[in-house]
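Chemist: For the sequence shown, my numbering begins at 1095 and goes up steadily by one. Glycine included, each C-beta is placed from N, C-alpha and C at the ideal position.
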Amino acid sequence: MMRQRRRGKQQMLAKLNEVHEAYLSQERVHQDMVALRAVGYESLATVLKEALFQAAHGKGAERHAQGAPFDEQPMQQLIGLFGDGFALGQAAKKMQESQRLPHDRARAELLGAINYIAGAVIAMDRRNAEHPPVAANDSDIGWFSWGGGECPVGLRDVVEVRLRDGNGSHTGKASFFDWTHDHDLADVVAYRVTRKAGHG
């Protein structure tokens, strides 16, 4: 009797391990992601699916999409011009408006806010892929990360800088650039000295 129980337990544990391995397999995780499936997160998946449906088929798709994919719609162009704050501000506006609307309209505003936040994430990922962050104080290439403050070099030194806008690098006298950080696209986020003042 004890042997049968022990064997039954072992078989049950083996079956649980098999199920667990299948559940954690890369293919299964990918399938679950594609299907927005995760045990215990069904309610979140439902909301995210509704936000996706609204983006693809709601009034935003009619007004703004103009047949373009989500990551090429005017929202991305505006984020490019004004930074992630544009999309996050739009999301905040929709969240605030939802507080004074009837239930159905409030839900639609909140789903729209999710889509604006998704737009900000897409823009961030795109920017990171195009312009990977500079390693702080990487002496091999001479770049230094910059978090804002008084200019760290002589104002007449020639520097190469990377700005918050993520559009490559710019070279000029240090006095030309915004070192203090006003939280706009012209803020210097990394720099290197290319020529000290008074040197050929």
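1) Using the Cα positions of Leu1249 and Ala1291, report the straight-line distance between them to the nearest angstrom.
2) What's the call for Gly1213, buried or exposed, on a 16-neighbour Cβ count within 10 Å?
3) Short of 6 Å in beta carbon distance, which residues of its chain neighbour Arg1258, apart from the five on each side in sequence? Order them along the chain.
4) Going by C-alpha to C-alpha distance, which of Gly1179, Glu1203 and Val1133 sits closest to Lys1188?
5) Please give the ranges of any alpha helix (DSSP H) in the region 1157 to 1186, keeping only runs that are unbroken, at least 4 residues long and fully inside the region.
6) With burial defined as no fewer than 16 other Cβ atoms inside 10 Å of the residue's Cβ, what is the status of Asp1232: buried or exposed?
7) So for Lys1267, helix, strand or coil by DSSP?
8) Can the beta-carbon of Phe1270 be found less than 7 Å from the beta-carbon of Val1255?
9) Quick one: Cα of Gly1242 to Cα of Asp1219, how far?
Modeler: In short:
1) Cα to Cα, the separation comes out at about 8 Å.
2) Taking all protein chains in view, the Cβ of Gly1213 is crowded by 16 or more other Cβ atoms within 10 Å, so the residue is classified as buried.
3) Counting only Cβ-Cβ distances below 6 Å, and skipping sequence neighbours, we find Leu1279, Asp1281 and Val1283.
4) Comparing alpha-carbon positions, the option among Gly1179, Glu1203 and Val1133 lying closest to Lys1188 turns out to be Glu1203.
5) The region 1157 to 1186 contains these whole alpha helix (DSSP H) runs: 1168 to 1176.
6) Low confidence applies here, because Asp1232 scores a pLDDT of 48, under 50, leaving its location unreliable and the question unanswered by this model.
7) Here Lys1267 sits in strand by DSSP.
8) Using a Cβ distance threshold of 7 Å, Phe1270 and Val1255 do not count as a contacting pair.
9) Asp1219 has its alpha-carbon roughly 23 Å from the corresponding atom of Gly1242.
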